[in-house]
Structure formats: C-alpha cells, structure tokens
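Colleague: My questions all concern the structure below.
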Amino acid sequence: MASLARLALLLTTALTVLAASSPQSSPLPSSTLKTPNGTINPLGIVTRPFPMADAVPLTNAQRLARGLSPKRPRFRSHAAAVQPRQSGGCAMRTGTIAAAVNGYGAGYVRHDVNSYGEFGYTDDPAQALIVTFCPSADTYVSLQTLNGLSTFNYLGGVESVDSNSPNLGTGASTFNFVYLAGTIDAPRSTPIPGPNAFSAAAGIPEPYEATIWQLGAGDALLPSWLNTDGSAPAVTIVYSTGDDAFVLTGDSGSVIALIGAASTATFTFVSA
C-alpha cells in the first residue's frame, strides 16, 4: 500500500511540473491553428479543379479548329487601334498587371492560379494575366480577366478562412486578410455571399467583393475593400511566397508576421 501511495504522489508531482512548464498561448489568433506551416490556406482539403480560360486568347480560326463557337467580333484592325467600347461610350482598356514585390525583380500577376483559385506572381511576361476594364477617374472598377479562370473571370477579393470577420484594419481586424482570387462580377458593395474560386475549390463558402480597384497616378492599380459597416480602410497588397498568392490586408506587418514568408507589393496597369 505504501508503494502505491508513493507512486501516486510521484505521478501527481510530475503532472504539476509539466503543467507549470508548458508554454503560454500565442498572441496570434486561434485561427492560426489552420495554417501552422505559414500557409494562408486550410490544411487537409482536397481541392476541386476548375477550368482555365485560354492562356493566350484563341483566334476564331483556332476556336473553330477545336470545335468551339467563334467569338463575337470586336472590330479591332490592329493592336494600336481604338479600344472596343461598351454601351454608354466607355473606351475599354486592356493590358497586364505589373507586380512590384518587395525583394523580387520586375514581375506580373500570373494568369493561372494555385489550387485554391488565388492569383500569384511571375517574372515571365508571357505568363501574365490579361485584364480589361472600363476606366473611371472617380469610381471603382472591376477587372475582368481574359486568360485566367473561365468561370470566375474577375480579379476580386475573398475573405480568408483565417479571418474572424470580412473586415480589414487594425484592432480586432489586425490579422484579417482577403485572398485575391477569381470571382464573378458584382457592383461595388460590402462583402456578399456568392460563387468564387476559393469557395469552389475548397468547398468553404466565403463572401467576396469584385469592384475593388481604382486607377491612380501613373496607372497604379489601387485596391479598396469595403468593410461590413461601409468604411473603406487603407489596405496593402501582400504576397505569400509559400502559397504563391496575393492577399489584401489592413495591417501588413501583423499579417506578414502571421504568414511568415511574405512581402508587400504594389500593382500597376500596363496597357497592351
């Protein structure tokens, strides 16, 4: 009996020492448990594939040879000709997105996406994403992708699984970020539920915004996200190296610390 009592005492003492020596919880949000290896995407997900548009848009002759219907004529006689116009007299602009990533050379937003439907970086101009939009000096625009995803053919923002809300900023929103992923078009609004590439790939419904861009001085592409209260916080583009994906955040320092291998970036529209 004495031996059993002594053994129980030793076991109790050992458990007390282990509890006292265990590390305190991290100041990072609990949602970081989803991304312990510096990835911005959930683990253990078998993603669903989605079709891509042509890497280089096909001519009508090429489409017919592949059994596809021809595209509607755009009435362009040469690359330097007048850009096609939408109804209402808007002259569309078409080109690529130069991506200046801190610590990287000159590059572009890449036309294909990772397995979660998020756009990444390339230094090869032949792999650059081609976008088109109707420019406006004082309103926000959506960027239609011509050689990205065939279904989710807009470059929009999707709330990340690691965010505690779709709001960006500081304070309670410090660690929140949104993926730059394929979406469908939608007018300027706060985050809305609906189809997007991340949700289609991961099977996790997340809200998105599509009309999140402004054209600034020197054709800078400036992202703007609307929080649920209608406010538009200052946001920064961050590139996650491990995921090869761009995100938007209201607190780049905190989100880079959360991700690990990541850098800030800026976008510039380059006319074709």
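For the sequence shown, this note's numbering begins at 1 and goes up steadily by one. Backbone N, C-alpha and C fix where the C-beta goes; we use that ideal spot for every residue, glycine too.
1) The beta strand (DSSP E) with phenylalanine 198 in it runs from where to where?
2) What number of angstroms, rounded off, separates the C-alpha of asparagine 176 from the C-alpha of threonine 183?
3) Are the segment 263 to 271 and the segment 89 to 100 touching, with three or more C-beta to C-beta distances below 8 Å?
4) So what's isoleucine 45 in DSSP terms, helix, strand or just coil?
5) Which one of Gly120, Met92, Leu149 and Asn102 has the shortest CA to CA distance from proline 49?
6) Three or more beta-carbon pairs under 8 Å between the segment 197 to 210 and the segment 147 to 161, yes or no?
7) What three-state label does DSSP hand aspartate 219 in the structure shown?
8) Does the contact criterion of 3 or more C-beta pairs under 8 Å hold for the segment 105 to 117 versus the segment 235 to 251?
9) So, leucine 143 versus tyrosine 154, is the Cβ gap smaller than 8 Å?
10) Suppose you measure from the CA of glycine 169 to the CA of aspartate 124; what does that come to, to the nearest Å?
11) Excluding sequence positions up to five away, which residues of its chain have a Cβ less than 7 Å from the Cβ of glycine 107?
12) What are the residues that DSSP puts in a beta bridge with methionine 92?
13) Give me, in chain order, the residues of the same chain whose beta-carbon lies closer than 7 Å to that of cysteine 134; leave out the 5 immediate sequence neighbours on both sides.
14) Beta carbon of glycine 250, beta carbon of serine 173: below 8 Å?
15) Quick check: the Cα distance between threonine 228 and asparagine 167, rounded to an integer number of angstroms?
16) Let me know the secondary structure DSSP gives serine 115 once reduced to three states.
17) From proline 193 to threonine 211, what distance separates their C-alpha atoms?
18) I need the straight-line Cα distance from glutamine 127 to serine 231, nearest angstrom please.
19) Whose C-alpha, out of Ala257, Leu226 and Ser240, is nearest the C-alpha of alanine 234?
20) Taking all protein chains shown into account, do 16 or more other C-beta atoms lie within 10 angstroms of the C-beta of serine 252, making it buried, or fewer, making it exposed?
21) Specify, as a first and last residue, the run of the beta strand (DSSP E) that glycine 253 falls within.
22) How far does the beta strand (DSSP E) with valine 161 in it reach, from first residue to last?
23) My assumption, with CB atoms under 8 Å, is that proline 42 sits in contact with threonine 151. Please give the rounded CB distance.
24) Could you give the first and the last residue of the continuous beta strand (DSSP E) run that contains phenylalanine 246?
Modeller: Considering the structure as presented:
1) Residue mapping note: residue 198 aligns to position 198 of the sequence shown, counting from 1. First-last for phenylalanine 198: 197 to 202, but that is the alpha helix (DSSP H), not the beta strand (DSSP E).
2) Position 176 of the sequence shown holds residue 176. Position 183 of the sequence shown holds residue 183. Going by the C-alpha atoms only, they are around 19 Å apart.
3) Segments in contact, yes.
4) Locating residue 45 in the sequence shown gives position 45, where the first residue counts as 1. Isoleucine 45 falls in the coil class under three-state DSSP.
5) Taking the first residue of the sequence shown as position 1, residue 49 is located at position 49. When only C-alpha atoms are compared, the closest one is Leu149.
6) yes
7) In the sequence shown, residue 219 corresponds to position 219, counting from 1. Three-state DSSP puts aspartate 219 in a helix.
8) yes
9) Taking the sequence shown and counting its residues from 1, the one referred to as residue 143 is at position 143. Taking the sequence shown and counting its residues from 1, the one referred to as residue 154 is at position 154. Yes; because the gap between Cβ atoms is below 8 Å, this pair is in contact.
10) Counted from its first residue, the sequence shown places residue 169 at position 169. Counted from its first residue, the sequence shown places residue 124 at position 124. If you draw a straight line from the Cα of glycine 169 to the Cα of aspartate 124, it comes to about 33 Å.
11) Within the sequence shown, the letter at position 107 stands for residue 107. The answer, listed in chain order, is Ala99, Val101, Tyr121, Thr122 and Asp123.
12) On the sequence shown, position 92 is the one that residue 92 refers to. Methionine 92 pairs with nothing; no bridge assigned.
13) Within the sequence shown, the letter at position 134 stands for residue 134. Gln86, Cys90, Met92 and Val141, listed in sequence order.
14) Here the question's residue 250 lines up with position 250 in the sequence shown. Here the question's residue 173 lines up with position 173 in the sequence shown. Result yes, Cβ atoms of glycine 250 and serine 173 sit closer than 8 Å.
15) Translated into the one-based positions of the sequence shown, residue 228 becomes position 228. Translated into the one-based positions of the sequence shown, residue 167 becomes position 167. So the alpha carbons of these two residues sit roughly 6 Å apart.
16) The sequence position of residue 115 within the sequence shown is 115, counting from 1. Coil at serine 115, not helix or strand.
17) What you label residue 193 is simply residue 193 of the sequence shown in a count that begins at 1. What you label residue 211 is simply residue 211 of the sequence shown in a count that begins at 1. If you take the alpha carbons of proline 193 and threonine 211, they lie about 14 Å apart.
18) Within the sequence shown, numbered from 1, the residue matching residue 127 stands at position 127. Within the sequence shown, numbered from 1, the residue matching residue 231 stands at position 231. Each residue's alpha carbon lies about 35 Å from the other.
19) As a first step, residue 234 is located in the sequence shown; it is residue number 234 there, counting from the start. The option with the nearest alpha carbon to alanine 234 is Leu226.
20) Position 252 of the sequence shown, counted from the first residue, corresponds to residue 252. By the 10 Å Cβ count, serine 252 comes out buried.
21) In the sequence shown, counting from the first residue as 1, residue 253 sits at position 253. That residue, glycine 253, is in no beta strand (DSSP E); its alpha helix (DSSP H) goes 252 to 259.
22) Within the sequence shown, residue 161 is the residue found at index 161, counting from 1. Run containing valine 161: none; DSSP gives neither H nor E here.
23) On the sequence shown, residue 42 is found 42 positions in, with the first residue counted as 1. On the sequence shown, residue 151 is found 151 positions in, with the first residue counted as 1. So it is not a contact: roughly 21 Å between Cβ atoms.
24) Translated into the one-based positions of the sequence shown, residue 246 becomes position 246. Bounds of the beta strand (DSSP E) holding phenylalanine 246 are 245 to 249.
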